[in-house]
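Asks: My questions all concern the structure below.
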């Protein structure tokens, strides 16, 4: 028997007296577990990324150019001269650009409700527009909108003049 563990003598016990440690005993941890919160890039699975306006504008220009190319082929098949084709294409381009800019207003970058899943920026722009209409319907106001309504452009702060001409701003 060592340190009070085991039997005092192995005689008559049918064992050799060797004491093994329990392999199923889990030692309690001495350090307390710290509860981890979200890291800087965690917990954003449901948040959609904002669409890139440059890519959406480029897609819009490509769509307009495609319509112009189809019109050009149609005019060539009908037998128009090159000068007439160029004139009609310029008119069509101007009308398409003005139509897309006037009809859709601020959301001119989303072309239609039928968007391919591969066009991720169009999908996210459409989703953003849907979320805005849902917020308006439910009356949900974002923090930025609250600031605009209150008229507070900045957080309240104090100017400390105790160091002479050096002014230090401290926010509350």
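Residue numbers (this note's numbering): 457 to 628. Cβ coordinates follow ideal geometry from the N, Cα and C atoms, glycine included.
1. Skipping 5 residues on each side, what residues in its chain have a beta carbon closer than 6 Å to that of residue 521?
2. Does the structure place the segment 503 to 519 close enough to the segment 580 to 592 that three or more beta carbon pairs sit under 8 Å?
3. Would you call residue 577 buried or exposed, if buried means 16 or more other Cβ atoms sit within 10 Å of its Cβ?
4. From residue 606 to residue 600, what does the alpha carbon distance come to, in whole angstroms?
5. Just how far apart, CA to CA, sit residue 525 and residue 603?
6. Determine the burial state of residue 516: buried for a count of at least 16 other Cβ atoms within 10 Å of its Cβ, exposed for fewer.
7. Tell me which residues share the same chain as residue 424 and place their Cβ nearer than 7 Å to its Cβ, disregarding the 5 neighbours each side in the sequence.
8. What number of angstroms, rounded off, separates the C-alpha of residue 596 from the C-alpha of residue 586?
9. Name the two residues that bound the continuous alpha helix (DSSP H) containing residue 523.
10. Leaving out the 5 sequence neighbours to the left and right, which residues in its chain are closer than 6 Å to residue 564 when beta-carbon positions are compared?
11. For residue 469, which residues from the same chain have a beta carbon less than 7 Å from its beta carbon, with the 5 sequence-adjacent residues on both sides left out?
Replies: With the given structure in hand:
1. none
2. yes
3. buried
4. 10 Å
5. 48 Å
6. buried
7. The structure shown does not extend to residue 424, since the chain is modelled only from 457 through 628, so no value can be given for it.
8. 13 Å
9. 509 to 534
10. Confidence at residue 564 is low in this model, with a pLDDT of 47, below 50, so its placement is unreliable and the value that follows should be read with caution. The answer, listed in chain order, is 556 and 557.
11. 463
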